[in-house]
Amino acid sequence: MTGSWPMWEVFVRARRGVDHVHFGSVHAADGESALQAARDLFTRRQEGVSIWVVRSSDVVASDPDDEAELFEPAADKDYRFPTHYELPAEVDHM
Amino acid sequence: MTGPDLLPSLQPSLQPSLLTHLLRQGDRALVLAQRLGQVITHAPELEEDMAIANISLDLIGQARHLYTYAGEVEGLGHDENHFAYWRSAEEFLNPQLVEQPNGDFAVTIVRQFFHDAYALHYWESMEASSDATLAALAARARKETAFHLRHSQGWVVRLGDGTDESHRRAQLAIDSLWRFTSDLASIPDETELHDSGVVPDSEVGERWRDTVVAALADATLDIPASTSTSTGTSTGAGTDMASSGWQGHHSSHLGPLLEELQALTRAHPGAEW
Amino acid sequence: MEAQDRFDAIIAADERIEADDWMPDDYRSTLIRQVAQHAHSEIIGMQPEGEWIPRAPSLRRKAILTAKVQDEAGHGLYLYGATETLGVERADLLDLLHSRKQKYSSIFNYPALTWADVGAIGWLVDGAAITNQVPLCRCSYGPYGRAMVRVCKEESFHQRQGFQIMLTLAEGTDEQKAMAQGALDRWWWPSIMMFGPPDTESVHNARNMAWGIKRYTNDELRQNFVDMTIPQAELLGLTMPDPDLRWNEERGHYDYGEPDWEEFMQMVRGEGEMPAQRIRVRKSAHDDGAWVREAAEAYAQKHEAAA
Numbered sequence: 002m003t004g005s006w007p008m009w010e011v012f013v014r015a016r017r018g019v020d021h022v023h024f025g026s027v028h029a030a031d032g033e034s035a036l037q038a039a040r041d042l043f044t045r046r047q048e049g050v051s052i053w054v055v056r057s058s059d060v061v062a063s064d065p066d067d068e069a070e071l072f073e074p075a076a077d078k079d080y081r082f083p084t085h086y087e088l089p090a091e092v093d094h095m
Numbered sequence: 003m004t005g006p007d008l009l010p011s012l013q014p015s016l017q018p019s020l021l022t023h024l025l026r027q028g029d030r031a032l033v034l035a036q037r038l039g040q041v042i043t044h045a046p047e048l049e050e051d052m053a054i055a056n057i058s059l060d061l062i063g064q065a066r067h068l069y070t071y072a073g074e075v076e077g078l079g080h081d082e083n084h085f086a087y088w089r090s091a092e093e094f095l096n097p098q099l100v101e102q103p104n105g106d107f108a109v110t111i112v113r114q115f116f117h118d119a120y121a122l123h124y125w126e127s128m129e130a131s132s133d134a135t136l137a138a139l140a141a142r143a144r145k146e147t148a149f150h151l152r153h154s155q156g157w158v159v160r161l162g163d164g165t166d167e168s169h170r171r172a173q174l175a176i177d178s179l180w181r182f183t184s185d186l187a188s189i190p191d192e193t194e195l196h197d198s199g200v201v202p203d204s205e206v207g208e209r210w211r212d213t214v215v216a217a218l219a220d221a222t223l224d225i226p227a228s229t230s231t232s233t234g235t236s237t238g239a240g241t242d243m244a245s246s247g248w249q250g251h252h253s254s255h256l257g258p259l260l261e262e263l264q265a266l267t268r269a270h271p272g273a274e275w
Numbered sequence: 129m130e131a132q133d134r135f136d137a138i139i140a141a142d143e144r145i146e147a148d149d150w151m152p153d154d155y156r157s158t159l160i161r162q163v164a165q166h167a168h169s170e171i172i173g174m175q176p177e178g179e180w181i182p183r184a185p186s187l188r189r190k191a192i193l194t195a196k197v198q199d200e201a202g203h204g205l206y207l208y209g210a211t212e213t214l215g216v217e218r219a220d221l222l223d224l225l226h227s228r229k230q231k232y233s234s235i236f237n238y239p240a241l242t243w244a245d246v247g248a249i250g251w252l253v254d255g256a257a258i259t260n261q262v263p264l265c266r267c268s269y270g271p272y273g274r275a276m277v278r279v280c281k282e283e284s285f286h287q288r289q290g291f292q293i294m295l296t297l298a299e300g301t302d303e304q305k306a307m308a309q310g311a312l313d314r315w316w317w318p319s320i321m322m323f324g325p326p327d328t329e330s331v332h333n334a335r336n337m338a339w340g341i342k343r344y345t346n347d348e349l350r351q352n353f354v355d356m357t358i359p360q361a362e363l364l365g366l367t368m369p370d371p372d373l374r375w376n377e378e379r380g381h382y383d384y385g386e387p388d389w390e391e392f393m394q395m396v397r398g399e400g401e402m403p404a405q406r407i408r409v410r411k412s413a414h415d416d417g418a419w420v421r422e423a424a425e426a427y428a429q430k431h432e433a434a435a
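Chains A, B and C, in that order, are what the protein sequence lines are. So the number in my numbering is just where the residue sits in the first sequence, counting from 1, plus 1. So the number in my numbering is just where the residue sits in the second sequence, counting from 1, plus 2. So the number in my numbering is just where the residue sits in the third sequence, counting from 1, plus 128.
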């Protein structure tokens, strides 16, 4: 018994049609309390219509030291972007 | 001032009992909100300060609506603040449960749970009220109250089924507050309102008991043995109309509570804030 | 790239440092101290106003004040959350607050004597806080900056409600007007001292500016606040308790008198009965809640094991 409740990461869907977005964290002993606390903390001004809570210790995160090897290789593949392709003016809005 | 300016939509014979009903419910919400306002900054965890403030805000909101409507029904031009700030303890018509002191967190939460179980069934039933203003208010208040009950009932179960200490404290809270639940069984003198469909459900007390029995079983907590045999079916303590808070009978705790609530306002009659 | 170079490059590019990034120990400990102190200030700041919730003079004011004090608890939670991303636990931070090893803003060591103090706190103290906090939204440490964005969004209602209380009192009865003037007299100097000691004496200014933790100096922020507040005070028709206050055409700013920095240092050191009371209230809530937190944990463990 540590005397302090575990931490939960809170994700809120602002309105129907958009993704849940990370808002912050709360402490709670269980998922139901975490939900209630997240509701009271993050939706006092109608900021959301749906909430997810996830135990912070369950989040698997990439290591910032790996940022270069994970994400930089995507930098030289500009053919993935539409601007890479020059087309005749007639079809330029393709 | 001349006589009251009655609402055209209101049956004149119902006016006195509807006014009383609105004050009873408004006082219930306000007095409990006042108690919760004293808890803020003292909760066991910051998340709980948030939760309690939230419930308090909802109750203040409900009281304001009920008092505002009471002012319209009364027809003497009184606003919400008149009913909150300018009536004495004997004129307050809240059930005695809500005026009981905060005690430890177990008392705060058990009091809240007993109240919320009542309030949810009350508002649910009032959604079918023949009074359009009350029905509309009920539709909103029911949702707020459902969340309050979810919060307080969750805590009662956690405390009851948590540690030995929390179980002991929760049971003590139940034992000490149980006798004040008799007010929740039924409200006296509302036959007229009931017959006219303004207060459509007379079985809120039974529903209250079902909710409480189920939750306390979940929480591994005991309902105190009945201390009264008079009516005894709805609550353990029985229903003693002569001492009902709904009739203006109160414990010694209401006076100081109102004193704190009203002192500043009463020191400046006529002032705007 | 070496960790330090990488950190320096991010700061130089005015990008954000995130929780898992390497950062210099001093940067981390400076932030922990600052963000925790900020969080502590929010929750201790609940007390002077919280005491007026039961006594608020109208139901509307009671609701507004309850919502405001609740927001402060929320801001405390945002900020403790941001501090925790730096690798410390909220429980430990609270212990440091309760044992007075970490500080909170000394402004909350002043008592709220009358209802007008609630107005003055909202108008002046929250006004000064906003002046301080808006630049923090761009703090180089991402989680702190994002918490501050949330805080600042909510804070503007706090200042408005405070000003409106003052306005209502200033336009009210003679007694109410006197109440408002008294609160202004009490809160003006403490408010302008909230920006900290003068730049010439502030020890961390330069380093924190270089790190992007601080964006403006204490004196710059203080001047902003004074310039913004004087016209508001004139609107209220109240008298500022500073005889040296006057518009300086040349500078394009208001000149103001020298605050009593000795009093400020006393407050920072936490001398006197008020700081002891603030910590006592806070600590007793925490200690009295220990059995509740344990119960919830025990219940969760029981039912997780059963699931």
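Ideal placement from N, C-alpha and C gives every residue a C-beta, glycine not left out. As the structure is a prediction and not an experimental result, all values here were calculated from the model.
- At a cut-off of 8 Å between beta carbons, D372 of chain C makes no contact with chain A.
- Exclusion of the five residues before and after P239 of chain C leaves P176, M402 as the residues of its chain whose Cβ lies within less than 7 Å of its Cβ.
- Chain order gives the chain A residues near H153 of chain B as Q37, where near means a beta carbon separation below 7 Å.
- Look at M402 of chain C here: in three-state DSSP terms it is helix.
- The three-state secondary structure of N104 of chain B, taken from DSSP, is coil.
- A Cβ-Cβ separation of about 19 Å leaves C265 of chain C out of contact with V253 of chain C under the 8 Å criterion.
- Close partners of P74 of chain A in chain C (Cβ separation under 7 Å) are lacking, with about 17 Å as the shortest Cβ gap.
- Per DSSP, the unbroken beta strand (DSSP E) holding E10 of chain A starts and ends at 8 to 14.
- By the beta-carbon neighbour count (other beta carbons within 10 angstroms, threshold 16), N104 of chain B is exposed.
- Counting only the Cα atoms, W243 of chain C lies some 40 Å from L16 of chain B.
- Scanning C:R408, C:Y269, C:T345 for the CA closest to the CA of D327 of chain C turns up C:T345.
- Counting the other CB atoms within 10 Å of its CB gives P271 of chain C a total of 16 or more, which places it among the buried residues.
- In the three-state DSSP reduction, R46 of chain A falls in the coil class, being neither helix nor strand.
- Excluding residues up to 5 positions away in sequence, F135, I145 lie with their Cβ nearer than 7 Å to the Cβ of M151 of chain C in the same chain.
- Looking at the backbone, the Cα of M337 of chain C and that of L68 of chain B are separated by about 54 Å.
- Of all residues in the stretch 171 to 192 of chain B, none comes within less than 8 Å of chain A when Cβ atoms are compared.
- At a cut-off of 8 Å between beta-carbon atoms, L193 of chain C makes no contact with chain A.
- One Cα belongs to T183 of chain B, the other to A221 of chain B, and the distance between them is close to 18 Å.
- Buried is the label assigned to E146 of chain B, since at least 16 other Cβ atoms lie within 10 Å of its Cβ.
- K229 of chain C is positioned such that its CB atom lies no closer than 8 Å to that of Q165 of chain C.
- Rounded to whole angstroms, the gap between the alpha carbons of S268 of chain C and H80 of chain B is 55 Å.
- Residue pairing by DSSP places S51 of chain A opposite A:R14 in a beta bridge.
- Counting along the chain, Y382 of chain C sits inside the beta strand (DSSP E) bounded by residues 381 to 383.
- The stretch 158 to 176 of chain B and the stretch 49 to 65 of chain B do not touch, with fewer than 3 CB-CB distances between them shorter than 8 Å.
- It is roughly 15 Å from the alpha-carbon of A195 of chain C to the alpha-carbon of C280 of chain C.
- At least 8 Å separates the beta-carbon of D149 of chain C from that of A62 of chain A.
- Secondary structure note for W375 of chain C: its beta strand (DSSP E) is the uninterrupted segment 374 to 376.
- By the Cβ criterion, the stretch 134 to 153 of chain B is not in contact with the stretch 161 to 180 of chain B, since fewer than three pairs of Cβ atoms, one from each stretch, lie closer than 8 Å.
- For A15 of chain A, the nearest beta carbon of chain C is not closer than 8 Å to its own beta carbon.
- In terms of CA proximity to W251 of chain C, C:L295 leads the group C:L295, C:T367, C:Q198, C:F392.
- Annotated three-state conformation of F291 of chain C is helix, per DSSP.
- Interface flag for D302 of chain C against chain B is unset, since no Cβ pair is found closer than 8 Å.
- One alpha carbon belongs to I407 of chain C, the other to T259 of chain C, and they sit about 26 Å apart.
- Here F85 of chain B really is in contact with G28 of chain B; their C-beta atoms are around 6 Å apart, less than 8 Å.
- Shown here for G273 of chain C: same chain residues with a beta carbon closer than 8 Å to its own, the five before and five after excluded, namely R144, L264, C265, R266, C267 in chain order.
- Distance from the CA atom of R397 of chain C to the CA atom of E390 of chain C, rounded to whole angstroms, is 11 Å.
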